[in-house]
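Quick note: the numbering used here has the sequence shown finishing at residue 418, numbered continuously throughout.
Cβ coordinates follow ideal geometry from the N, Cα and C atoms, glycine included.
All values derive from a computational prediction rather than experimental measurement.
Just below is one structure, and these are the notes that go with it.
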Amino acid sequence: MCEDFVLSNVKIVIRAIGEYVKSTGKSDRGVVIGYDTRFFSDKFADWAAGVLADNGIPSYLSAEDVPTPVVAYAIKDLGAAGGVMFTASHNPPEYNGIKFIPENSAPATPETTKKIEGYVKGLKGQEITVLGKKDRKSTRLNSSHTDIPRMPSSA
């Protein structure tokens, strides 16, 4: 479960996503980053913003946990180059994962995924740095992107 989903691997995948976004020529539009309530998702999202910043890509980081459709909406609303969502979707809560959402807000195609995987292979073994918060061009998403109706908690 968490043997492979560790910071060193997350940094490689995020850097690979950054390389893919740069290859589209749209990296200046930034990447939306969201996360759900799974273990360490908020920390992974913050580190992702730092990895993207080190690669010269601005980000829009969710201020709180959000469902994946909020990230997809924010990509379109902000005109971003894509998005990253830390979630394992329908899998058990002890799992986590990374979804890349392209600029069209649809799921990544197999072709896009293969390109990102190619970057991952090329980055294995490299040291991936994370810029500190003061050195990043990162914006917290405002409430218009994260205010969604919540189901009331059952007592």
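In this structure, Phe349 keeps its C-beta atom at 7 Å or more from the C-beta atom of Ala312. Look at Phe268 here: in three-state DSSP terms it is coil, with no helix or strand label. By the CB criterion at 7 Å, Val294 and Ala351 fall outside the cutoff. Scanning its chain for C-beta atoms nearer than 7 Å, with the 5 sequence neighbours on each side dropped, one finds around Arg278 the residues Val314, Asn318, Leu386, Ile391, in chain order. Sixteen is the threshold: since fewer than 16 other Cβ atoms of the shown chains lie within 10 Å of the Cβ of Glu380, the residue is exposed. In the DSSP assignment, Pro332 falls within the unbroken alpha helix (DSSP H) covering 331-341.
About 6 Å separates the beta carbons of Tyr323 and Ala337, which is inside the 8 Å limit, making them a contact pair.
Distance from Val329 to Gly360 at the Cβ level is roughly 16 Å; contact not present, criterion being Cβ atoms closer than 8 Å. Nearest neighbour of Gly342 by Cα position, chosen from Asp305, Ser325, Arg292, Gly388, turns out to be Arg292. Per the coordinates, the alpha-carbon of Ile275 lies some 18 Å from the alpha-carbon of Ala371. The beta-carbon distance between Thr331 and Lys362, rounded to whole angstroms, is 7 Å. This is short enough to meet the 8 Å contact definition. Minimum Cα-Cα distance from Val383 among the listed residues Thr300, Leu270, Tyr283, Phe268 corresponds to Tyr283. DSSP lists Phe349 as the bridge partner or partners of Tyr298. Taking C-beta atoms under 8 Å as the contact rule, Thr376 and Pro365 fail to qualify, at a distance of about 10 Å.
Counting along the chain, the unbroken alpha helix (DSSP H) around Pro373 starts and ends at 373-386. Beta-carbon to beta-carbon, Ile280 and Val333 are separated by about 19 Å, too far to satisfy the 8 Å threshold. Counting along the chain, Ser322 sits inside the beta strand (DSSP E) bounded by residues 322-324.
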